[in-house]
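S.K.: Just so we're aligned, residue 1 is where the sequence shown starts under full-length UniProt numbering, counting upward by one.
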Amino acid sequence: MAYYRDLQLSAEEMLSIIRNGLGISQVQKKIIVVGAGMSGLVAASLLKDAGHDVTVLEATQRVGGRIFTMREPFMDDLYLDVGAMRIPHIHPLVLQYIKKFRLKVNEFRNTTPQDLIFANGIKTNRTAYQKNPDILRYPVAPHEKGKTAEELLMMAIKPVADFINQNPAQNWNIVVREFDRYPMSFFLRYNPVGPSLSPGALESIKVLLGLEGFPEMSFPAILRELLPLFTPDIHFYEIEGGNDKLPNAFLPQLKQDLYFGYQMTKIEQDHQQVTIHARHTLSQRPLAVTGDLAIITIPFSLLSFVDVVPRHSFSHNKWKAIRELHYVSSTKIGLQFKQRFWEREGLHGGKLMTDLPIRYAAYPSHLIGSSGSGVIMASYTWEDDTLSWDNLIEGDRIRNALDNLAVVHGNQVYEHFLTGASHSWSQYPFSGGAFSMFKPSQETELYPSIPVPEGRVHFAGEHTSTAPGWIEGAIQSGIRVANEVTDLPRGYYKWS
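1) In three-state terms, what does DSSP make of Trp389?
2) If I measure Cβ to Cβ from His366 and keep anything under 6 Å in the same chain, skipping five residues before and after, which residues do I get?
3) Three or more beta-carbon pairs under 8 Å between the segment 72 to 89 and the segment 307 to 318, yes or no?
4) Just to confirm the assignment: which complete alpha helix (DSSP H) runs, minimum length 4, are found wholly within the segment 320 to 374?
5) If you draw a straight line from the C-alpha of Leu303 to the C-alpha of Leu136, how long is it?
6) Can you round the beta-carbon distance between Gly461 and Ile298 to whole angstroms, since I take them to be within the 8 Å contact cut?
7) Nearest-angstrom Cα distance between Ile18 and Leu208?
8) By Cβ distance below 6 Å, which residues in the same chain neighbour residue 497 in space, the five residues on each side in sequence not counted?
9) I need the DSSP call for Leu275, collapsed to helix, strand or coil.
10) Pairs of beta-carbons, one from the segment 358 to 373 and one from the segment 426 to 436, closer than 8 Å: are there three or more?
11) Reducing DSSP to helix, strand and coil, say where Met1 ends up.
12) Going by alpha carbons, who is nearest to residue 585 out of Val481, Tyr97 and Asp390?
13) When you compare only the Cα positions, how much space is there between Leu325 and Asn171?
14) For Leu394, is the classification buried or exposed, using 16 other Cβ atoms within 10 angstroms of its Cβ as the cut-off for buried?
15) Where does Tyr190 land, buried or exposed, given buried means 16+ other C-beta within 10 angstroms?
16) Helix, strand or coil: how does DSSP classify Ile17 here?
17) In this structure, how does DSSP classify Glu454 when only helix, strand and coil are distinguished?
18) By the DSSP assignment, the beta strand (DSSP E) with Phe236 in it spans what residues?
19) Kindly indicate which three-state DSSP category Pro286 falls into: helix, strand or coil?
20) Leaving out five residues on either side along the sequence, give the residues of the same chain with a beta carbon under 7 Å from the beta carbon of Thr148.
21) What number of angstroms, rounded off, separates the C-alpha of Val375 from the C-alpha of Gly350?
22) What residue from Leu258, Ile479, Gly372 and Leu405 has the CA that sits closest to Ser379's CA?
23) Between which two residues does the beta strand (DSSP E) holding Ile32 run?
24) Just to confirm my understanding: we take Val481, look at its own chain, exclude 5 residues before and 5 after, and list those with CB closer than 6 Å. What are they?
25) Once you ignore the five residues that flank Asp390 on each side, which residues in its own chain have a CB closer than 8 Å to its CB?
26) Out of curiosity, what's the CA-to-CA distance linking Ser45 and Phe250?
27) Just checking my contact of Gly410 with Gln114 at CB under 8 Å: how many whole Å lie between their CB atoms?
28) Excluding the five sequence neighbours on either side, which residues of its own chain have a C-beta within less than 6 Å of the C-beta of Arg109, listed in chain order?
29) Taking the alpha-carbon positions, what's the Phe341 to Gly334 distance?
30) Between Pro451 and the rest of its own chain, which residues show a CB-CB distance below 6 Å, the 5 nearest in sequence each way excluded?
31) Excluding five sequence neighbours on each side, which residues of the same chain lie with their C-beta closer than 6 Å to the C-beta of Ala201?
32) Under a Cβ-count criterion, where at least 16 other Cβ atoms within 10 Å of its own Cβ denotes burial, should Pro228 be classed as buried or exposed?
33) Should Thr69 and Asp233 be called a contact, given that it needs their Cβ atoms to be closer than 9 Å?
34) Let me confirm a value: residue 497 is counted as buried when at least 16 other C-beta atoms fall within 10 Å, else exposed. Which label applies?
35) Ignore the nearest five residues each way along the sequence and tell me which others in His235's own chain have a CB closer than 6 Å to its CB.
36) Pop quiz: Ser218 and Glu443 are said to be a contact at Cβ under 8 Å. What is the actual Cβ separation, rounded to whole angstroms?
Put into structure tokens, the structure is as follows:
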């Protein structure tokens with residue numbers, strides 16, 4: 001199944017731009033890029049190669065945005081990717097940049113036959129569950145017995161998936177138009193095109209596929225953003241040594257153009273130029289950078305705090321999108337242990353799915369079989385499932401995650417525990433959430449206005465792409481916006 005909307009540039013055209021660049025622009029300009037996440041880095045890199053004078057403002061002290069590899073407080077050179085952690089093999093733009101920078105990748109073992117399940121007080125593994133799905137005692141309807149959560153989900157969405165596959169570029173838009181108003185849980189419970197699921201079946205899907213935090217999200221958004229995680233023929237990669245090696249690979253080219261620690265406070269444009277005002281997050285020192293064009297890559301959840309002068313230089317629909325676009329809460333907790341006890345239990349990568357508060361744990365796919373310590377992503381929660389963790393202080397998050405793991409793995413987790421850390425994307429002041437995801441009707445109402453330029457101000461970021469929530473979407477948007485602006489004139493701009 002294809003997971004995209006129609007694009008202005010084809011995948012081949014974007015791959016060619018990564019390999020060969022945009023070509024030298026005949027109209028070289030001063031361009032300000034706000035945000036050094038993947039979209040900003042890609043746009044800045046391509047535009048600098050095209051001959052433009054590029055300045056990049058970044059509020060934090062690192063590049064990468066929501067690619068964030070946490071190395072402290074872990075020991076033995078270990079780490080946890082608390083942001084983007086896996087790269088599907090069907091995302092060619094990310095893989096092309098990995099190839100360009102000659103980075104090494106490992107297989108990310110998203111699922112294995114030994115994956116653990118702990119639900120309704122019952123511990124089992126994926127193989128046993130697939131042989132006898134009824135072992136978990138979900139109160140499914142009689143005709144749903146003997147089917148796994150994946151099988152129940154695929155049974156319900158098969159008519160939609162088959163329709164999309166007939167002509168993805170055309171039919172995705174039809175699916176959005178017809179079903180954007182449906183919350184995911186409502187669609188599955190009262191299916192307008194296929195078999196409706198019982199409350200027990202829906203509960204099993206939510207728990208065992210990690211969707212219980214998402215009941216109010218749009219059905220097409222869930223389908224596009226999360227279904228790759230549950231599709232068995234999709235495999236995943238991670239970058240050896242941490243995924244932050246990808247954004248860091250842009251630093252040699254862009255380090256002279258980057259201003260770290262400067263957070264945008266105001267966008268001021270007229271018909272001749274645009275000025276980005278920023279303030280240093282520590283010293284409070286002001287900075288103003290003026291150019292021909294600006295590219296804004298920060299999440300709309302943060303852009304809402306930025307003063308825009310004149311306000312009417314942004315359209316009514318853009319303001320509506322800035323106010324209303326939904327960002328997903330997400331929190332990860334990493335725990336380091338002296339010994340990789342999970343490998344003795346046959347867990348080499350893969351995951352634990354549970355109805356305990358930790359909800360989802362991932363066992364490391366790198367350094368499998370090595371001696372010494374290891375880091376488990378002991379909890380990965382989304383949306384409603386995140387709220388209870390975000391209410392806790394750091395020490396209590398770690399203690400509760402450890403206690404939850406002990407329910408599954410026994411008291412050995414206490415004996416081997418070394419240290420832990422957590423990261424909440426909704427509490428992180430430089431993201432305002434983990435990634436964008438549409439609520440019902442938002443894709444139809446908001447998306448057409450999200451990537452559209454406003455005067456001299458252009459937009460990129462995963463939220464402006466056709467693959468939101470993924471590195472691929474951020475890269476796609478960076479290429480799109482660089483291609484959009486490179487040959488624009490320096491002269492007169494107006495807004496409606």
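Note that the Cβ used here is the ideal one computed from N, Cα and C, for glycine as well.
M.R.: With the structure as the only source:
1) Helix at Trp389.
2) Contacts found: Asn106.
3) In short, these stretches do not touch, since the Cβ pair count stays below three.
4) Counting only runs of 4 or more, we get 341 to 344.
5) So the alpha carbons of these two residues sit roughly 45 Å apart.
6) That belief holds up - the Cβ atoms of Gly461 and Ile298 are roughly 7 Å apart, short of 8 Å.
7) So the two alpha carbons sit approximately 38 Å from each other.
8) Here the chain comprises residues numbered 1 to 496, so residue 497 is not present and cannot be evaluated.
9) Position check: residue 275 holds Thr in this sequence, whereas Leu was assumed. Judged by DSSP in its simplified three-state form, Thr275 adopts strand.
10) Cβ pair count under 8 Å is below three, so no.
11) Only weak support exists for where Met1 lies, its pLDDT of 32 falling under 50; the coordinates are left without a value.
12) In the structure displayed, the chain extends from 1 to 496; residue 585 sits before or after that span and is not available.
13) Rounded to whole angstroms, Leu325 to Asn171 spans 24 Å at the Cα level.
14) Looking at the sequence provided, one finds Glu at residue 394 rather than Leu. Burial call: exposed.
15) So Tyr190 ends up on the exposed side.
16) Residue state, collapsed to three classes: helix.
17) DSSP places Glu454 in strand when its eight states are reduced to three.
18) Phe236 to Ile239 is the span of the beta strand (DSSP E), which, as asked, contains Phe236.
19) Secondary structure of Pro286 (DSSP, three-state): strand.
20) Excluding the 5 residues flanking it on each side, Thr148 has same chain C-beta neighbours closer than 7 Å at Tyr129, Gln130 and Pro133, in chain order.
21) Approximately 13 Å between the Cα atoms of the pair.
22) Taking only the C-alpha atoms, the option nearest Ser379 is Leu405.
23) Residues Lys30 to Val34.
24) The beta carbon of Val481 is closer than 6 Å to those of Ala43, Ile295, His458 and Ala460 in its chain, skipping five residues each way along the sequence.
25) If we look at Asp390 and ignore the five residues flanking it on each side, its Cβ neighbours are Ser329, Thr331, Ser424, Ser426 and Gln427.
26) Near 7 Å, if we compare the C-alpha coordinates of Phe250 and Ser45.
27) Their Cβ separation, rounded to whole angstroms, is 17 Å, which puts Gly410 and Gln114 out of contact at 8 Å.
28) Once the five neighbours on either side are set aside, the close Cβ partners of Arg109 are Gly349, Gly350 and Ser365.
29) Gly334 has its alpha-carbon roughly 15 Å from the corresponding atom of Phe341.
30) Cβ neighbours of Pro451 within its own chain (closer than 6 Å, five residues either side excluded): Phe459 and Thr464.
31) Excluding residues within five positions, the ones whose Cβ falls inside 6 Å are Val140, Glu144 and Leu152.
32) By the neighbour-count rule (16 or more Cβ atoms within 10 Å), Pro228 is buried.
33) Their beta carbons are not under 9 Å apart, which means Thr69 does not touch Asp233 by this criterion.
34) Since the displayed the chain opens at 1 and closes at 496, residue 497 lies outside it and no answer follows.
35) Excluding positions up to five away in sequence, the list reads His89.
36) About 6 Å separates the beta carbon of Ser218 from that of Glu443, a gap short enough to meet the 8 Å contact definition.
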